[in-house]
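Heads up: the structure comes next, in structure tokens.
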Amino acid sequence: MKSYKMSAALLGAAMLFAGCSSSSASSSSSTTSSTSQAASSQAESSTASSGGSETKIGILQYVEHPALDNATKGFEDYLKDNGYADAAIDFKSAQGEVANCTSIAQKFVNDKVNLIFAVATPAAQAAANETKDIPIVLSAVTDPADSGLVKSNEKPEVNVTGSSDLNPIEAQFDLLQEILPEAKTVGLLFCNAESNSVFQINLAKEQCDERGLEYVESSVTDSNQIQQVVESLNGKVDVIYVPTDNLMAESMATVTQTASQYGIPCIVGEEGMVKNGGLATYGIDYYKLGQLAGAQAVSILNGDDKPEDMAIQYLATDECTLTINPKTAEKLNIELPQSVLDRAVTVEEED
């Protein structure tokens with residue numbers, strides 16, 4: 017069993033996703049912008065080491081939280097290690113605002129970047145709406161076809177490709193029942209304006225039906241509703257399931273702190289949520305997800321492939337990680353099975 021100690025201050029934590037904004041994000045319509053370390057010592061436009069031509073890459077990230085941040089880092093690192101250490105990379109966060117996604121995408125088009133890396137569904141949709149010519153590589157989008165970004169996930173037929181963060185939801189429900197075999201009713205907590213969250217919740221409902229579990233569907237549209245909605249589940253559910261959802265990722269501390277007051281554990285969509293008080297997940301590695309997208313970007317920039325012919329990429333189930341938070345288990349008086357402990361990576365928040 018591996019152990020890593022993580023700071024709770026780093027946590028916001030998914031997946032993906034469309035339309036909700038946190039109260040902190042809505043208080044500001046400005047965007048944040050930074051140049052990646054890979055380009056910090058370069059001019060605004062610099063020569064890519066692979067072929068001698070100027071290479072400009074725009075990174076549009078919907079919101080900043082650990083999952084999406086890791087996807088971006090994986091993407092940037094792959095480019096650095098594969099011939100594009102000198103590319104001019106312009107990173108911008110939309111701060112969870114769809115309108116900001118549009119203005120950033122327009123800027124990248126006007127700047128004539130060679131490629132756009134779009135992280136999460138609203139970012140990818142904004143980029144796709146602004147250009148049909150510049151290659152777009154997406155990541156942290158659950159189902160690009162369902163989100164209207166590609167014709168099909170097998171063959172996009174448009175200027176968009178990338179890597180999907182579709183969760184192993186069946187495995188997550190296996191884990192839920194392994195840890196909490198007596199659970200009968202599951203609260204399904206998500207932002208109903210995020211299309212990828214809705215997609216995952218529909219899959220979660222199927223899992224509940226197949227396993228004879230009851231469920232209570234609980235959705236929100238902004239962060240101000242979360243505490244009240246979680247409180248409303250007291251006495252109604254035995255466990256809460258949270259998919260990879262940007263609003264929930266940003267507000268996970270509120271979710272877990274409120275749920276723990278009522279003794280309700282949370283099985284969550286990804287590791288960042290576990291670090292912020294979730295009990296456990298069987299989730300994907302967003303850094304690896306970003307690297308998958310980076311490999312596609314390099315292939316496009318090298319002229320080896322075109323996005324319209326490149327299938328959406330997925331991480332294999334065996335590349336997912338079982339992550340647990342023993343501090344949360346102790347707080348909730350839950351004894352984690354040895355079968356889980358033997359397979360799990362452990363995370364702990366600092367006090």
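Counted the way the working numbering counts, the sequence shown spans residues 17 to 367.
From the three backbone atoms N, C-alpha and C, an ideal C-beta is built for every residue, glycine too.
{"Check": "Three-state secondary structure assigned by DSSP to A134", "Outcome": "strand"}
{"Check": "DSSP-derived helix/strand/coil call for C336", "Outcome": "coil"}
{"Check": "Residues near E247 in its chain [Cβ-Cβ closer than 7 Å; skip 5 each side]", "Outcome": "T274"}
{"Check": "Bounding residues of the alpha helix (DSSP H) (the contiguous stretch that carries V111)", "Outcome": "It should be pointed out that residue 111 corresponds to Gln in this sequence rather than to Val. Unbroken run through Q111: none, as it is neither H nor E."}
{"Check": "Extent of the continuous alpha helix (DSSP H) to which S248 belongs", "Outcome": "I242 to S248"}
{"Check": "Cβ-based neighbour list, A192, same chain, cut-off 6 Å, excluding 5 preceding and 5 following", "Outcome": "Looking at the sequence itself, residue 192 is Leu, so the reference to Ala does not match. I283."}
{"Check": "Beta-carbon spacing of P323, G285 below 7 Å", "Outcome": "no"}
{"Check": "Residue burial classification, S155 (beta-carbon count within 10 angstroms, cutoff 16)", "Outcome": "buried"}
{"Check": "CB contact check: I120 to chain C, cutoff 7 Å", "Outcome": "No chain C is present in this structure, which holds just one protein chain."}
{"Check": "Assumed close pair V361, E194 - CB separation to whole angstroms, cut-off 8 Å", "Outcome": "Not confirmed; about 16 Å, so no contact."}
{"Check": "Proximal residues to A140 (C-beta, below 6 Å), its chain only, five neighbours per side dropped", "Outcome": "A134, L154, V157 and L165"}
{"Check": "Cβ-based neighbour list, A269, same chain, cut-off 6 Å, excluding 5 preceding and 5 following", "Outcome": "N292"}
{"Check": "Local conformation of K128 per DSSP, three classes", "Outcome": "coil"}
{"Check": "Backbone CA spacing between K347 and G294 [nearest angstrom]", "Outcome": "11 Å"}
{"Check": "Of the listed residues V255, E230 and I132, nearest to L317 (C-alpha basis)", "Outcome": "I132"}
{"Check": "Exposure label - D102; buried when at least 16 CB within 10 Å", "Outcome": "buried"}
{"Check": "Limits of the alpha helix (DSSP H) - the one that A83 falls within", "Outcome": "P82 to D97"}
{"Check": "Beta carbon of N169 nearer than 7 Å to that of I328", "Outcome": "yes"}
{"Check": "Alpha carbon of S419 to alpha carbon of S179, nearest angstrom", "Outcome": "A question about residue 419 goes unanswered here, because the residues of the chain that appear run from 17 up to 367."}
{"Check": "Close beta carbons around Y278, own chain, < 6 Å, minus the five adjacent residues each side", "Outcome": "N250"}
{"Check": "Where D261 falls, given that 16 or more other Cβ within 10 Å makes a residue buried", "Outcome": "buried"}
{"Check": "Under 7 Å between C-beta atoms of V232 and G203", "Outcome": "yes"}
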